[in-house]
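Participant: Below is a structure I'd like to ask you about.
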Amino acid sequence: MAEAMIEFQNVTKQYQGGQAAVDGLTMSIDKGAITVFVGPSGCGKTTSLRMINRMVEPTSGTITVGGADVTSVPAAQLRRSMGYVMQSSGLMPHRSVLDNIATVPRLNGASKADARKRAQELLDVVGLASSLGKRYPSQLSGGQQQRVGVARALAADPPVLLMDEPFSAVDPVVRDELQKELLRLQHDLAKTIVFVTHDIDEATVLGDKVAVFAVGGKLAQYAAPQEILRAPASDFVASFVGRDRGFRHLAFSPSDGVTIHPVPTVTREQLRQEGSTDGWQLVVDGALRPLGWAGPGAGAQIVPGGSLFRKGDTLRRALDAALSSPSGLGVAVDDEGRAAGVIAAAEVFAVIESDRSVRHGGL
Ligand SMILES: Nc1ncnc2c1ncn2[C@@H]1O[C@H](COP(=O)(O)OP(=O)(O)OP(=O)(O)O)[C@@H](O)[C@H]1O
Ligand SMILES: [Mg+2]
Numbered sequence: 001m002a003e004a005m006i007e008f009q010n011v012t013k014q015y016q017g018g019q020a021a022v023d024g025l026t027m028s029i030d031k032g033a034i035t036v037f038v039g040p041s042g043c044g045k046t047t048s049l050r051m052i053n054r055m056v057e058p059t060s061g062t063i064t065v066g067g068a069d070v071t072s073v074p075a076a077q078l079r080r081s082m083g084y085v086m087q088s089s090g091l092m093p094h095r096s097v098l099d100n101i102a103t104v105p106r107l108n109g110a111s112k113a114d115a116r117k118r119a120q121e122l123l124d125v126v127g128l129a130s131s132l133g134k135r136y137p138s139q140l141s142g143g144q145q146q147r148v149g150v151a152r153a154l155a156a157d158p159p160v161l162l163m164d165e166p167f168s169a170v171d172p173v174v175r176d177e178l179q180k181e182l183l184r185l186q187h188d189l190a191k192t193i194v195f196v197t198h199d200i201d202e203a204t205v206l207g208d209k210v211a212v213f214a215v216g217g218k219l220a221q222y223a224a225p226q227e228i229l230r231a232p233a234s235d236f237v238a239s240f241v242g243r244d245r246g247f248r249h250l251a252f253s254p255s256d257g258v259t260i261h262p263v264p265t266v267t268r269e270q271l272r273q274e275g276s277t278d279g280w281q282l283v284v285d286g287a288l289r290p291l292g293w294a295g296p297g298a299g300a301q302i303v304p305g306g307s308l309f310r311k312g313d314t315l316r317r318a319l320d321a322a323l324s325s326p327s328g329l330g331v332a333v334d335d336e337g338r339a340a341g342v343i344a345a346a347e348v349f350a351v352i353e354s355d356r357s358v359r360h361g362g363l
């Protein structure tokens with residue numbers, strides 16, 4: 001069994017007058033794992049998160065971190081001992097990126113030189129060029145600002161990282177990138193991360209465990225993401241998880257059984273000379289990287305391709321690659337991004353079917 005890092009024991013938060021924002025929350029958060037709080041707006045996710053570092057004090061109940069009651073530590077000290085990342089990067093506008101990252105180590109007594117050196121290293125850790133350190137926050141893109149926010153939260157090397165919708169203000173492509181980056185980081189750092197989102201897709205991608213909250217601050221289900229997709233505990237969870245849950249569940253199945261077939265390829269130049277083609281041909285550049293498809297009736301036009309499939313990807317990606325391709329064949333690429341062949345939707349379905357019958361013990 002995983003070791004607990006943070007424990008909520010019958011925690012309730014009632015703001016003046018109103019209904020409970022968090023109602024009798026009891027849960028145990030695993031050490032070194034990502035736990036995601038997900039749920040509709042106003043269900044108490046932020047309140048629950050902020051009670052961990054005492055930005056909000058519970059009305060009743062206790063919270064322990066590493067076995068110690070959080071009220072036994074002065075609030076300011078507790079806050080500095082945990083990384084905190086919010087939706088708007090929360091960076092100080094009149095300080096350089098490096099100084100922003102160095103803030104908490106400085107407060108903890110690190111020398112200016114040491115704090116800066118550490119900040120410089122962290123830029124690299126979160127995938128930013130070191131030259132960005134001298135800039136001010138307003139001179140960065142939204143995605144870059146969020147990366148700085150993550151670097152700042154990591155600066156004091158805290159065991160616990162609290163993240164409140166850190167990626168929700170950036171566009172979907174950047175968001176995808178930031179999610180991958182966080183998983184890569186977590187693979188190396190193994191922090192205890194509590195991550196808030198209202199996006200069930202983000203929750204299932206990132207979470208080792210997912211806590212679904214219902215309005216009124218009640219915990220509706222707390223389980224591994226594939227479990228929540230496979231067996232929602234109530235109608236509320238089922239409707240929150242949504243009608244795509246069957247499709248999303250494929251993100252937890254490996255695609256080993258899917259065969260990659262050879263595919264005829266042409267270069268742009270060959271296509272221009274030959275004009276049109278009878279069947280679908282994959283158009284590649286000089287380094288064999290896919291550019292799109294040449295199809296029947298399309299003349300020398302290149303039809304944009306769908307999503308790409310890589311060996312080791314999940315069944316969800318395999319199916320998406322096949323279904324999003326104009327030819328009905330998903331393009332597989334190798335680690336260098338060169339076309340390695342194609343996968344067929346019907347064959348992906350066959351693997352899904354056999355996977356299901358294995359899981360459900362045959363028909
Ligand atoms: N400072 C406050 N004073 C009074 N009520 C508050 C305060 N902060 C939050 N609430 C109320 O507590 C409930 C839970 O709010 P909370 O911010 O925790 O929700 P949330 O799940 O984070 O929502 P969202 O997805 O919109 O961020 C809401 O009904 C909210 O209006
Ligand atoms: Mg919130």
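Each residue of the sequence shown is one higher than the last, beginning at 1 in the numbering used here.
A virtual CB, placed ideally from N, CA and C, is assigned to each residue, including glycine.
1. In whole angstroms, what separates the C-alpha of K218 from that of A4?
2. Just to confirm my understanding: we take V11, look at its own chain, exclude 5 residues before and 5 after, and list those with CB closer than 8 Å. What are they?
3. Under 7 Å, CB to any heavy atom of ligand 2. Which residues pass, going along the chain?
4. When DSSP builds the beta bridges, which residues end up paired with S60?
5. Give me whichever residues DSSP pairs with W293 in a beta bridge.
6. Report yes if the C-beta of G90 is less than 7 Å from at least one heavy atom of ligand 1; otherwise report no.
7. Quick check: is any heavy atom of ligand 1 less than 7 Å from the C-beta of Y15?
8. When the distance is taken between beta carbons, is S354 closer than 8 Å to G257?
9. Hey, would you say the C-beta of S60 is under 7 Å away from at least one heavy atom of ligand 1?
10. Restricting to Cα atoms, I'd like to know which of H249, P262, G295 and S253 is closest to R268.
11. Could you check whether the Cβ of A156 sits closer than 7 Å to any heavy atom belonging to ligand 1?
12. Residue range of the alpha helix (DSSP H) that F167 falls in?
13. Per the contact definition of three or more C-beta pairs closer than 8 Å, is the stretch 150 to 160 in contact with the stretch 74 to 87?
14. Identify which residue in D244, T314, V331 and V212 has its Cα closest to the Cα of T35.
15. Which ranges would you report for the alpha helix (DSSP H) in the stretch 86 to 171 if only whole runs of at least 4 residues count?
16. Classify K426 as buried or exposed, calling it buried when 16 or more other Cβ atoms lie within 10 Å of its own Cβ.
17. Taking 7 Å as the cut-off, is the beta-carbon of G24 closer than that to any non-hydrogen atom of ligand 1?
18. Taking the beta strand (DSSP E) that F37 falls in, what are its first and last residues?
19. Should G362 be labelled buried (16 or more other beta-carbon atoms within 10 Å of its own) or exposed?
20. Rounded to a whole number of angstroms, what is the C-alpha to C-alpha distance between A203 and R184?
21. Can you tell me whether N108 is buried or exposed, with buried defined as 16 or more other CB within 10 angstroms of its CB?
22. Going by DSSP, what residues sit across from V65 in a beta bridge?
23. Does the distance from the C-beta atom of D30 to that of A68 stay below 8 Å?
24. Please determine, among H187, G143 and L182, the residue with the shortest C-alpha to C-alpha distance to V173.
25. Taking 8 Å as the threshold (C-beta atoms), are V215 and V148 in contact?
26. In chain order, which continuous runs of the alpha helix (DSSP H) of length 4 or greater are located wholly inside the stretch 184 to 221?
27. List the DSSP bridge partners of M27.
28. For S255, is the classification buried or exposed, using 16 other Cβ atoms within 10 angstroms of its Cβ as the cut-off for buried?
29. If contact is defined by three or more beta carbon pairs under 8 Å, each pair taking one atom from either stretch, is the stretch 324 to 341 in contact with the stretch 233 to 244?
Facilitator: Taking the geometry as given:
1. 21 Å
2. Cβ within range, chain order: V22, G24, L25, T26, S48, M51, P58, S60, G61, T62 and I63.
3. The chain-ordered list of residues whose CB is nearer than 7 Å to some heavy atom of ligand 2 reads K45, T46, D164, E165 and V196.
4. T12
5. L282 and V303
6. no
7. yes
8. yes
9. no
10. G295
11. no
12. Counting along the chain, F167 falls outside any alpha helix (DSSP H), and DSSP gives it neither H nor E.
13. yes
14. V212
15. 97 to 107, 112 to 125 and 142 to 154
16. No answer is possible for residue 426: it lies beyond the span of the chain, which begins at 1 and ends at 363.
17. no
18. I34 to V38
19. In this predicted model, G362 has a pLDDT of only 46, less than 50, meaning its place in the structure is not dependable enough to derive any value.
20. 16 Å
21. exposed
22. I6 and A68
23. no
24. G143
25. Not closer than 8 Å, so no.
26. For the stretch 184 to 221, whole alpha helix (DSSP H) runs of length 4 or above, ordered along the chain, are 200 to 206.
27. F8
28. buried
29. no
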